[in-house]
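Peer 1: Just so you know, we're using UniProt numbering here: the sequence shown kicks off at 1 and counts up by one.
Note that CB positions come from ideal geometry on N, CA and C, so glycine has one too.
Below: one structure in structure tokens.
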Amino acid sequence: MTLDELANALSINKSKITHLRRLMRILIHSGFFLKFAMIPLEEGSSGSGEGEGYVLAPPARLLLKDEPLTVTPFLLAMLDPILVKPWHHVNEWFSSDEPTPFEVAHGRTFWDYAGHEQRLNHFFNDAMASDAKLVMSVVMKYSKDVFEGLNSIVDVGGGTGTVAKTIAKKFPNLQCTVFDLPHVVEGLEGSDNLSYVGGDFFVSVPPADALLLKTHLMLAT
1 MTLDELANAL SINKSKITHL RRLMRILIHS GFFLKFAMIP LEEGSSGSGE GEGYVLAPPA
61 RLLLKDEPLT VTPFLLAMLD PILVKPWHHV NEWFSSDEPT PFEVAHGRTF WDYAGHEQRL
121 NHFFNDAMAS DAKLVMSVVM KYSKDVFEGL NSIVDVGGGT GTVAKTIAKK FPNLQCTVFD
181 LPHVVEGLEG SDNLSYVGGD FFVSVPPADA LLLKTHLMLA T
């Protein structure tokens, strides 16, 4: 796709095409796009994109919403104002008694906020699910033997169950439990070897042969 074609597709103002070219250079340098030379179909053709075009680099396909392993929901969540705001309060957090920057920024814990704010709960669960799909595709390809020999496993903080569903499908004799806050698992249905349990892992966790904990670095916990 030429620069002109890209500008037209994105409804970019013609006066901003030079800036779009600069942005594309940054994205190429960052590995999101590849640049290639183009041969004009007609002699004398002109345009700001003449001579070069752009194509998505393989890693950037993870940002396409229709890709099976898309991480777009995760990226959008991390860029949401609710989760960005704590980063602006890190300095204040170091000087306060609050346990997390999120509490400095919003006045309550992340989990309390998510329990009362449906939008946050929704996009955060979508983010964790998209990240889990990518992670589990790698785990099942290279390290699935870690689950062999187990009779039961609890995915602590398992969200809507993306990880547990993958394990349950691959190991039908393994009893998988998704353990998360009540508002997260409410209304979710399990299967023969998959169940959902609501609770607080700071209080107690259902017994099992193994516990699964997947962590993320955020300024919320």
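May I have the straight-line CA-CA distance separating Ala129 from Gly159, to the nearest angstrom?
Peer 2: Start at 1 with the first residue of the sequence shown, and residue 129 comes out as number 129. Start at 1 with the first residue of the sequence shown, and residue 159 comes out as number 159. Approximately 7 Å between the Cα atoms of the pair.
Peer 1: Going by other Cβ atoms of all chains shown within 10 Å of its Cβ, with 16 needed for buried, is residue 261 buried or exposed?
Peer 2: Here the chain comprises residues numbered 1 to 221, so residue 261 is not present and cannot be evaluated.
Peer 1: Please list, in chain order, all residues of the same chain as Leu6 whose beta carbon is under 6 Å from its beta carbon, the five residues on each side excluded.
Peer 2: As a working note, residue 6 is residue 6 in the sequence shown. Nothing listed; no residue qualifies.
Peer 1: Measure the Cβ-Cβ separation of Val71 and Asp131 and say whether it is below 8 Å.
Peer 2: In the sequence shown, residue 71 corresponds to position 71, counting from 1. In the sequence shown, residue 131 corresponds to position 131, counting from 1. Their beta carbons are under 8 Å apart, which means Val71 touches Asp131 by this criterion.
Peer 1: Of all the options Leu56, Lys165, Lys14, Phe202, which has the alpha carbon lying nearest to the alpha carbon of Ser191?
Peer 2: The count along the sequence shown starts at 1 and reaches residue 191 at position 191. The candidate whose alpha carbon is nearest that of Ser191 is Lys165.
Peer 1: According to DSSP, what are the bridge partners of Ile17?
Peer 2: Numbered from its first residue, the sequence shown carries residue 17 at position 17. DSSP output for Ile17 lists no bridge partner at all.
Peer 1: Apart from the five residues just before and just after Leu211, which ones in its own chain have a Cβ nearer than 6 Å to its Cβ?
Peer 2: Position 211 of the sequence shown holds residue 211. These residues qualify, in order along the chain: Val154, Val156.
Peer 1: Pick out the complete alpha helix (DSSP H) segments inside the stretch 45–124, 4 residues or longer, and give them in chain order.
Peer 2: 72–78, 81–84, 90–94, 101–106, 110–116
Peer 1: When DSSP labels each residue in this structure, what does Phe202 get in the three-state scheme?
Peer 2: Within the sequence shown, numbered from 1, the residue matching residue 202 stands at position 202. In the structure shown, Phe202 sits in coil (DSSP, three-state: anything other than H, G, I, E or B).
Peer 1: CB Pro172 to CB Gly198, shorter than 8 Å?
Peer 2: Walking along the sequence shown from the start, residue 172 turns up at place 172. Walking along the sequence shown from the start, residue 198 turns up at place 198. Cβ distance not < 8 Å, so Pro172 and Gly198 don't count as in contact.
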